[in-house]
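Heads up: take any position in the sequence shown, counting from 1, add 100, and you land on our numbering.
Written out below as structure tokens is the structure these notes cover.
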Amino acid sequence: MGTLVRASGARGYRELMRSLGHDPARLLRRCRIPARSLDDDDALLPLRSTVQLLELSAAETRTPDFGLRMSRSQDISVLGPLAIVLRNAPTVKSALDYASRYLFVHSTGIVLSVHDNSPVIRDGAEISIEVRVEGGAVRRQTEDLCLADLHHISQLLAGPHYELRAVTLAHSPLAPLSTYRQVFRAPVLPGQPRAGLHVSRRTLESNLKTVDHTLRQIAVDYLATHFGSPDQALGERVRQVLRRTLGTPQGSKDAVAELLGMHPRTLQRRLDAEGSGFDAIREELRQEAALRYLRETRIPLGQLAGMLGFSEQSAFTRSCRRWFGQAPSALRRSAG
């Protein structure tokens with residue numbers, strides 16, 4: 101299954117490109133990323149395409165610290181509902197454990213780990229970040245972006261107790277090390293086995309302020325209910341993608357298969373093996389969404405038909421009669 105990332109991970113990309121005097125649209129097209137998807141933080145992008153986008157952008161703009169610059173536009177909110185969990189964890193270590201467990205909600209190809217013993221500092225720990233993409237693609241800019249984001253988030257969580265003693269890079273950087281030192285305010289060691297932040301143990305043990313335990317549990321329950329685990333069945337992954345793309349060009353079988361990193365025939369074959377099918381899943385989600393919108397909103401029926409991916413309102417009406425035994429207008433009236 102292909103690896104995905106929420107579009108929030110590309111926050112600031114277009115603005116950075118324009119500030120460097122370049123049009124972001126051309127490279128977005130080249131990497132087959134719809135520009136409109138960057139307007140929706142919850143849209144899903146192929147991680148490999150996003151990694152390629154940042155590498156090409158860094159080369160074209162001659163900006164070797166492109167990923168580091170992008171991080172200036174990002175904060176903990178890029179993690180969506182996971183951010184609520186992290187900000188309400190009792191300690192920094194607990195927050196990072198939650199991040200390690202649920203980061204797949206943000207991306208199925210970015211892995212965070214906490215190592216009790218740092219290999220480069222005494223009496224310290226390591227918080228590492230790994231970007232996993234197929235085919236051994238160069239991921240220098242994405243790793244830099246993720247590492248800088250991790251730095252900013254850890255700094256936010258630990259507050260005055262944040263003690264960063266060293267930074268390791270899992271590549272040989274194109275930008276001068278002085279550029280990295282300006283961002284991290286710590287010694288930077290390139291060409292290491294892992295990209296990571298090496299912090300004091302006190303950093304991990306520090307308590308967070310203004311913690312709401314009830315809010316954290318609500319957020320954890322939400323993640324567990326809506327996202328399950330990264331090893332969940334393919335049908336559930338298809339449902340997650342379709343909930344975000346229904347009614348858009350990305351909601352077709354071919355587009356969903358591409359997002360999940362497989363051929364459409366492979367997608368259908370694996371769904372068949374699970375006793376499901378793409379059309380059946382889409383039909384189920386359309387029915388659920390139609391019932392909700394008809395009962396709870398006054399969206400015009402023609403517009404609603406388009407939102408659900410129907411080419412014409414008449415097709416939507418026929419489906420409603422099949423699902424509910426009545427036309428959409430009648431169902432809306434009966435709901436009051």
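For each residue, glycine too, the CB sits at the ideal point set by N, CA and C.
{"Item": "Taking buried to mean at least 16 other C-beta atoms within 10 Å of its own C-beta, is Glu-193 buried or exposed?", "Value": "It should be noted that the sequence gives Lys, not Glu, for residue 193. Classification for Lys-193: buried."}
{"Item": "Short check: CB of Leu-250 to CB of Gly-167, under 7 Å?", "Value": "no"}
{"Item": "When the Cα of Ser-119 is compared with those of Thr-161, Thr-268 and Arg-365, which residue comes out closest?", "Value": "Thr-161"}
{"Item": "Might you give, ordered along the chain, the residues of its own chain that have their beta carbon closer than 7 Å to the beta carbon of Asp-75, omitting 5 neighbours on each side?", "Value": "Residue 75 falls outside the range modelled here, since the chain spans only 101 to 436, and no answer is possible."}
{"Item": "Identify which residue in Pro-134, Val-267 and Val-233 has its Cα closest to the Cα of Gln-152.", "Value": "Val-233"}
{"Item": "Please state the DSSP three-state secondary structure of Thr-161.", "Value": "helix"}
{"Item": "Taking Cβ positions, are Val-267 and Leu-277 nearer each other than 7 Å?", "Value": "no"}
{"Item": "Using three-state DSSP, classify Val-214 as helix, strand or coil.", "Value": "strand"}
{"Item": "So what's Pro-276 in DSSP terms, helix, strand or just coil?", "Value": "coil"}
{"Item": "Report the rounded CA-to-CA distance for Arg-148 versus Thr-417, giving the unit in angstroms.", "Value": "40 Å"}
{"Item": "In the stretch 277-312, which residue ranges form an unbroken beta strand (DSSP E) of at least 3 residues, counting only runs that do not cross its ends?", "Value": "295-300"}
{"Item": "By Cβ distance below 8 Å, which residues in the same chain neighbour Thr-150 in space, the five residues on each side in sequence not counted?", "Value": "Val-105, Gly-109, Ala-110, Cys-131, Ile-133 and Thr-242"}
{"Item": "Does DSSP classify Leu-120 as helix, strand or coil?", "Value": "coil"}
{"Item": "Count the C-beta pairs between the stretch 388-395 and the stretch 364-377 that are closer than 8 Å, then say yes if the count reaches three, no if not.", "Value": "no"}
{"Item": "Taking Ala-345 as the reference, which of Ile-381, Ala-333, Leu-315 and Pro-400 has the closest Cα?", "Value": "In the sequence on display, residue 345 carries Thr and not Ala. Thr-345 has its Cα closest to that of Ile-381, out of Ile-381, Ala-333, Leu-315 and Pro-400."}
{"Item": "Rounded to whole angstroms, what's the CA-CA distance from Leu-269 to Gly-180? Just pull it up for me.", "Value": "26 Å"}
{"Item": "Going by the CB atoms, is the gap between His-298 and Ile-221 shorter than 7 Å?", "Value": "yes"}
{"Item": "Give the single residue among Ile-184, Tyr-202, Arg-398 and Glu-115 whose Cα lies nearest to the Cα of Ile-318.", "Value": "Ile-184"}
{"Item": "Can you tell me whether Arg-169 is buried or exposed? The criterion is at least 16 other CB atoms within 10 Å of its CB, across all chains shown.", "Value": "buried"}
{"Item": "Identify whether Glu-358 lies in helix, strand or coil by the three-state DSSP scheme.", "Value": "helix"}
{"Item": "Below 7 Å CB to CB, which residues in the same chain sit around Phe-284 once its five sequence neighbours on both sides are set aside?", "Value": "His-251, Leu-264 and Val-267"}
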